[in-house]
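Novice: The following block contains the structure, expressed as structure tokens.
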Amino acid sequence: MVLCLTLVCLFCAAVLGGVYALTYEPILRANENVLKASIAEVLPEGVEIGEYETIETGGKNFEFYAATKDGDEVAFAVKSTTIGFGGPLTIMVGVLSDGTVYNTSVVTCNETPGLGAKCQEKDSHFREQFKGFGSDKKLWVTKDGGDVDAITASTITSRAYALAVSNAVALVNYLTGNAPSVDTYTGASLKKDESNVQEEEEK
Amino acid sequence: MGKKLSLITDGFIKNNPTFVLVLGMCPTLATTTSAINGLEMGLATLFVLVLSNMAISLLAPIVPDKVHIPVYIVVIATFVTVLQLVMQAFTPGAYATLGLFIPLIVVNCIVLGRAEAFANKHNVWESALDGIGVGLGFTLSLTVIGLVREVLGSGAAFGWKFMPGDGVLAFVMAPGAFLVLGYLMVIFNKYLKKS
Amino acid sequence: MEYFAIIISAIFVNNILLAQFLGICPFLGVSNKLSTATGMSGAVCFVITLATLVTYLLNAYLLVPLKLEFLQTIAFILVIASLVQIVEIVLKKISPSLYQALGIFLPLITTNCAVLGVAITVVTKEFTFGAESHMLDLPQALVYALATSIGYGVAMILFAGLREHLAGNEVPKAFKGLPIALITVSIMAMAFLGFSGMV
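Here it is as structure tokens:
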């Protein structure tokens, strides 16, 4: 009886070990492909994507990829994580060197299906509005006085998404020296950010 | 031949795992936010069901009665883990959407239920056909529930949007799952179930 | 403060039955009578907390160091199945009265996906606390497990109360039994939606 159970367990363990070894490479490659696709999606066509770099600023770690065209840095893809409604929300943000958003894509999302998870829908108004988002507009939701239209009934997800984009833009501005310094804002410190925008306008 | 075919078609209506046997309610309610999600969950369960049915029909004669349940659970858990690894490698998107409910196929009563009620008394091929039948029945139910919720909740079908804007959001959320399943069961009872 | 957030979130906002859809089969199966619903809730509460403790330790000290995380599903279900057996035997020996109350529900619990679901959730999911998120440590995981099972009990007992009244009412033939029960649960779930956004 015990022998039978042991044998079955051993056999199953062997099978699993084998399958694990077989799928180890494909899983790594699949994860890599997802990441590559999300980077390619947010950058202009025809650029060369560099190696991944990390930077710690404002108490946050960012992963980013610089994109070059004819030797000039033209854009950056920044992996930016914030907290949404259902946990961490990680998106890839493509930002041109002048601080304009090129495009965004979702890397991981645990938002509610049918509500916050709509941020994953390509070509939706929510996603389209970030394309070409420049410093002349305010990167937070209209409910808080910004220029981002939130997803219906999903303000928290929309805030998190906008914050992730804004963090990425701030990082790129910091890297290229466009803006005074990196400033990540949360819903609570909106005022601080408004003053930043004013400074930019004054320039 | 007729008998073989009925092994498969029985799972659709007469022994429909969702509406008649009322088994595997957790994934039925949780993953049917859209038709595609329901379909993917159904197919994932089908995969485990067919393989575990076949393995168990082979193992049943040599496993002592006293430990048969633990052995079945180990076998099912093995196939579920295989499924997890394969999905991570080849369909990472679906794996991310279905999340927790892939490992939870282990405790889906349909799988253990078929092992106990059918696979340990029949040969490999019959067990495989039974697995396919019940699995397809489950897939069909999940797809239908997902479709109804998607149409009412998001104004779309299989991801194709036929209506601008949002539907009735409640249908995509938790209450809609219970409501749609309840009403579909009513319709099933009234028109399809042969008493 | 984090403990408070975990407890409120697990009992009301992310109620395991009404929002996460875990453990639905026994929920529909034994909620006909208030007394059996209470017994089942008690047994689930006991097993979920114990199973979470064991699987959390197993994961942290055996599977992760050995890089065997892919064996999580199979290891956890075996632990839960044997744990349920042990609890049954021990309970029979030391407290026959408790065994009488909970005993008949124990075999059903192995295939209750709430147990495996909670065990997997606490070791794989990051939890949100305000503007931050991180994995739960052991005391937090236990509080989460306990609060989740209290949420299970709350929903189960409320529903059993409703269902006892339903039994005395006349409903159309096609609605009899489960369909009307499911529609009732749907209305309960709507009520619980009111808690969302609280934490």
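Protein chains in written order, with the working numbering: chain A, 239 to 441; chain B, 27 to 221; chain C, 117 to 315. Every residue, glycine too, gets a C-beta built ideally from N, C-alpha and C.
Take Gly191 of chain B as the anchor and find which of B:Ala120, B:Ser180, B:Leu77 has the nearest alpha-carbon.
Specialist: B:Ser180
Novice: Kindly indicate which residue of B:Ser167, B:Gly119, B:Val108 has the alpha-carbon position closest to the one of Asn41 of chain B.
Specialist: The shortest Cα separation from Asn41 of chain B among B:Ser167, B:Gly119, B:Val108 belongs to B:Ser167.
Novice: Taking the alpha-carbon positions, what's the Phe204 of chain B to Lys360 of chain A distance?
Specialist: Phe204 of chain B and Lys360 of chain A: Cα-Cα distance of roughly 29 Å.
Novice: Does any residue of chain A bring its CB to less than 8 Å from the CB of Phe26 of chain B?
Specialist: Absent from the model: residue 26 of chain B. The displayed extent of chain B is 27 to 221, so no value can be given.
Novice: Would you mind telling me which residues of chain C sit closer than 7 Å to Thr59 of chain B, beta carbon to beta carbon, in chain order?
Specialist: The premise fails here: Thr59 of chain B is roughly 11 Å from chain C at the closest Cβ pair, so nothing lies under 7 Å.
Novice: In the DSSP assignment, the beta strand (DSSP E) including Pro326 of chain A goes from what residue to what residue?
Specialist: 326-334
Novice: Leaving out five residues on either side along the sequence, give the residues of the same chain with a beta carbon under 7 Å from the beta carbon of Ala398 of chain A.
Specialist: Thr320, Ile321, Gly322, Leu327
Novice: Using C-beta distances below 6 Å, list every residue in its chain close to Pro418 of chain A, excluding the 5 sequence neighbours before and after it, in chain order.
Specialist: Because the pLDDT of Pro418 of chain A is 44, which lies under 50, any placement of that residue in the model is unreliable, and the number read from its coordinates should be weighed accordingly. Nothing meets the Cβ criterion.
Novice: Name the residue from B:Leu109, B:Thr107, B:Ala86, B:Val108 whose alpha carbon lies nearest to the alpha carbon of Tyr98 of chain B.
Specialist: B:Ala86
Novice: Is the CB-CB distance between Val345 of chain A and Val403 of chain A below 8 Å?
Specialist: no
Novice: According to the neighbour-count rule (16 or more other Cβ atoms, all chains shown, within 10 Å of its Cβ), is Tyr177 of chain C buried or exposed?
Specialist: exposed
Novice: Just the C-alpha distance for Ala145 of chain B and Tyr268 of chain C, rounded to the nearest angstrom, thanks.
Specialist: 33 Å
Novice: Name the chain B residues that come within less than 8 Å of Cys247 of chain A, Cβ to Cβ?
Specialist: Val100
Novice: Return yes when the Cβ of Ser151 of chain C is within less than 8 Å of the Cβ of Met272 of chain C, no when it is not.
Specialist: no
Novice: Would Val231 of chain C and Ile202 of chain C be called neighbours here (beta carbons separated by less than 8 Å)?
Specialist: no
Novice: Of all Cβ atoms in chain B, is any one closer than 8 Å to the Cβ of Tyr258 of chain A?
Specialist: yes
Novice: Since Leu281 of chain A and Gly332 of chain A are thought to touch, with beta carbons under 8 Å apart, how far apart are those beta carbons, to the nearest angstrom?
Specialist: 5 Å
Novice: Grouping DSSP H, G and I as helix and E and B as strand, with all else coil, what is Val386 of chain A?
Specialist: Shown here, Val386 of chain A sits in a strand according to DSSP, grouped into three states.
Novice: Counting beta carbon pairs with one atom in the segment 168-175 of chain B and one in the segment 52-66 of chain B, are three or more of them shorter than 8 Å?
Specialist: yes
Novice: DSSP has Ala305 of chain A in a bridge; who is on the other side?
Specialist: A:Ile287, A:Ala313
Novice: Output yes if chain C places a C-beta closer than 8 Å to the C-beta of Asn215 of chain B; else output no.
Specialist: yes
Novice: Mind checking if Met330 of chain A is an interface residue toward chain B, Cβ cutoff 8 Å exclusive?
Specialist: no
Novice: Looking at the structure shown, is Lys183 of chain C part of a helix, part of a strand, or coil, going by DSSP?
Specialist: coil
Novice: For the candidate residues A:Leu401, A:Gly372, A:Ile293, whose alpha-carbon lies nearest to that of Asp382 of chain A?
Specialist: Comparing Cα positions, the closest option is A:Leu401.
Novice: Name, please, each residue of chain A whose Cβ falls closer than 7 Å to the Cβ of Ala115 of chain B.
Specialist: Thr261, Pro264, Ile265, Ala268
Novice: Just mark Pro86 of chain C as buried or exposed, buried being the case when its beta carbon has 16 or more other beta carbons within 10 Å.
Specialist: Residue coverage of chain C in this structure runs from 117 to 315, which leaves residue 86 of chain C outside it and unanswerable.
Novice: Pull up the DSSP beta-bridge partners for Val339 of chain A, would you.
Specialist: Paired residues: A:Val333.
Novice: Quick one: measure Cβ to Cβ for Ala261 of chain C and Val239 of chain C, integer angstroms, because I've assumed they're closer than 8 Å.
Specialist: About 11 Å separates the beta carbons of Ala261 of chain C and Val239 of chain C, which is beyond the 8 Å limit, so they are not a contact pair.
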